[in-house]
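Chains as they are written, first to last, in my numbering: chain A, 701 to 989; chain B, 701 to 989. Don't be surprised by glycine CBs; every beta carbon is placed ideally from N, CA and C. Just so it is clear, the structure is predicted and the values come from calculations on it, not from any experiment.
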DNA sequence: TAGCCTCCAATTGTCCAACAATCGAACAAA
DNA sequence: TTTGTTCGATTGTTGGACAATTGGAGGCTA
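See below:
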């Protein structure tokens, strides 16, 4: 790639950041690790990094409109196509997003995006049920303890509503996986800690749906789940952090027991997310293959 | 944008996935809001999703080469520019990577990339020191307990080496933040749980470097840290999960105490990562502004 | 003046066609 | 075996176009 080539070019080379006039590459397989291999980044990546830095540094605040592609390309001294490639990079990072319509905004990456991408990575790594379970075995009680100290009335109400719906679903033999996930997510939210949200969600997103595979084998599981949720909720309402934490631990432990009883191997890698339950935005935004 | 326009076009429309034969757009002036607006994704996004699906489903295995851009564009029935935009999306997701050289490979997203992106998001959300601390207060002891049961000899050796270097750094008044991070990372690795790695790293990446701000105020902090690390390591070697966990808890708790004593507000948002200490790849791969 | 409709400039999505710099592999020379 | 040389394939970048939408600025009615 013509680093500084400006072939037919009229584009102002001076405006191009990082137009390092560095030696091409130092040769590939040098048996002597004498020189550090100097990395030359393609222009589209430089575009990405430049704008990224602009946002990270706060000079470009979330919510603010980005300049038009043409103007951007102009300012950076690259072609619009190149600028667009940089924008795609930003788009996927979540640092730039298009609201409804086309205009691009600077933005903060959304939790859901981060989590779902992390989940995908875990799946691709063939992470096992056991690994996920070990994580949640620690995080969920921890989060519950925090939530007990901070939960607000409206959040209690949301949990009560969730519990009622779960009871109903269980009584009528309907699936309750989604409701279970919602319950745990609500508690995590009640913990009022964004870092926790991010830490637990990828594992939660993968482990809980796995329940669908075991529930059919265990008629009791629904009742046990409702009982546990009820106890946790009660403890939260009473502000008893240790009790909430304890019940949560039992609840998650139960999860594993369920798996064992259903005869499923704990050390099997988890599969792909079947139905991430996001008909909300997903269906509107993209059409699948 | 000409969804299916193929304007001057010669490109095989049939080959185009998702060439939904939807009415151009229901015509703008349709006085009847009869149909729900069906979300049309730009072609470059369809390209992205198509290839993503190919990888996620395992039809395209990690490590495998992708077809050339021209051929790809050809197969998908879009222009090379458009295909490239899709590739940028994939590139940033980490599902596609360029080894050394240019050819693109299918790949699994790297832990580091996921973590650093997550960290950035936390910073942009102005997450506070307290939030991070609350997370690590739970995760680190949990991870240590697991590590006690699984740690291998070579991992013990690595920790011992790290401890020795830390002692040296402390004794000679050098910075030891990097070594501290390494110590914790090694333990996380010893826990042999990839989901844990992902869960704790974003917070760790942000919290530990913050020590740089407090160490200067606390002459003792280095010694306390070495003592704690030593105790944890001893417990790990002895396979005493609960002891390791306990010492780790104290260690992290100490962290906060240090902050208090240094007179730093716990509820202040953490700043940007100053020096993520990755001269290894960072310096080689990109040149900064 | 508020409300509505029309027309136009600005912007995004795609596409085409080239060219420069490399990479890679094949082959020749030292 | 190491070092050049050559040539085709591939990536990085650029210019230039055109269709479909958007967002307003005006202008026209109540």
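(request) Quick one: residues in its chain with C-beta nearer than 6 Å to the C-beta of residue 772 of chain B, no 5 flanking neighbours on either side, listed in chain order? (result) 783
(request) Compute the beta-carbon to beta-carbon distance between residue 813 of chain A and residue 794 of chain A, rounded to the nearest angstrom, for a pair I have assumed lies under 8 Å. (result) 5 Å
(request) Could you tell me which chain B residues have their CB closer than 8 Å to the CB of residue 744 of chain A, listed as they occur along the chain? (result) 788
(message) Below 8 Å on C-beta distance, what does residue 873 of chain B contact in chain A?
(response) The premise fails here: residue 873 of chain B is roughly 29 Å from chain A at the closest Cβ pair, so nothing lies under 8 Å.
(request) For the beta strand (DSSP E) holding residue 804 of chain B, just list the boundary residues, first then last. (result) 804 to 806
(request) Rounded to whole angstroms, what's the CA-CA distance from residue 983 of chain B to residue 740 of chain A? Just pull it up for me. (result) A caution first: residue 983 of chain B carries a pLDDT of 33, below 50, which makes its placement in the model unreliable, though a value can still be read off. Whole-angstrom Cα-Cα distance: 10 Å.
(message) Please return the same chain residues whose Cβ sits closer than 7 Å to the Cβ of residue 808 of chain B, not counting the five positions on each side in sequence.
(response) 762
(request) Pick helix, strand or coil for residue 746 of chain A, following the three-state DSSP scheme. (result) helix
(message) Can you pull the chain A neighbours of residue 825 of chain B, defined as C-beta to C-beta under 8 Å?
(response) 808 and 894
(message) Pull the bridge partners of residue 796 of chain B from the DSSP assignment, please.
(response) B/806
(message) Less than 9 Å between the beta carbons of residue 904 of chain A and residue 851 of chain A, yes or no?
(response) no
(message) How far does the alpha helix (DSSP H) with residue 955 of chain A in it extend, from its first residue to its last?
(response) 941 to 961
(request) Can you give me the Cβ contacts of residue 939 of chain B inside the same chain, cut-off strictly under 6 Å, excluding the 5 residues immediately before and after it? (result) 848
(request) Check whether the region 905 to 916 of chain A touches the region 838 to 847 of chain B, counting contact only when three or more Cβ pairs, one atom from each stretch, lie closer than 8 Å. (result) no
(request) List the residues of chain A whose Cβ lies closer than 7 Å to the Cβ of residue 941 of chain B, in chain order. (result) The contacting residues do not exist; residue 941 of chain B stays about 12 Å from chain A at best.
(request) Provide the residue(s) that pair with residue 839 of chain A in DSSP beta bridges, ordered along the chain. (result) Looking at the DSSP assignment, residue 839 of chain A forms no beta bridge with any residue, so it has no partner.
(message) With H, G and I counted as helix, E and B as strand and the rest as coil, what does DSSP make of residue 765 of chain A?
(response) strand
(request) Check whether the region 949 to 956 of chain A touches the region 914 to 929 of chain A, counting contact only when three or more Cβ pairs, one atom from each stretch, lie closer than 8 Å. (result) yes
(request) Look at the alpha carbon of residue 870 of chain B and the alpha carbon of residue 880 of chain B, and state the distance between them as a whole number of angstroms. (result) 11 Å
(request) Determine the closest residue to residue 950 of chain A out of A/937, A/930 and A/969, with distance taken between C-alpha atoms. (result) A/930
(message) Going by C-alpha to C-alpha distance, which of A/888, A/941, A/798 and A/920 sits closest to residue 876 of chain A?
(response) A/920
(message) Check whether chain A comes within 9 Å of residue 768 of chain B, counting only Cβ atoms and requiring the distance to be less than that.
(response) no
(message) Suppose you measure from the CA of residue 893 of chain A to the CA of residue 831 of chain B; what does that come to, to the nearest Å?
(response) 6 Å
(message) Taking only three categories from DSSP, how would you classify residue 969 of chain A?
(response) strand
(request) Give the interface partners of residue 747 of chain B over in chain A, defined as CB-CB distance under 8 Å, in chain order. (result) Per Cβ cutoff of 8 Å: no residues; residue 747 of chain B is ~10 Å from chain A at best.
(request) Note down the Cα distance separating residue 732 of chain A from residue 934 of chain B, rounded to an integer number of angstroms. (result) Because the pLDDT at residue 732 of chain A is just 47, under 50, the model does not fix this residue reliably, and the value given afterwards should be weighed accordingly. Going by the C-alpha atoms only, they are around 39 Å apart.
(request) Determine whether the Cβ of residue 797 of chain A lies closer than 9 Å to any Cβ atom of chain B. (result) no
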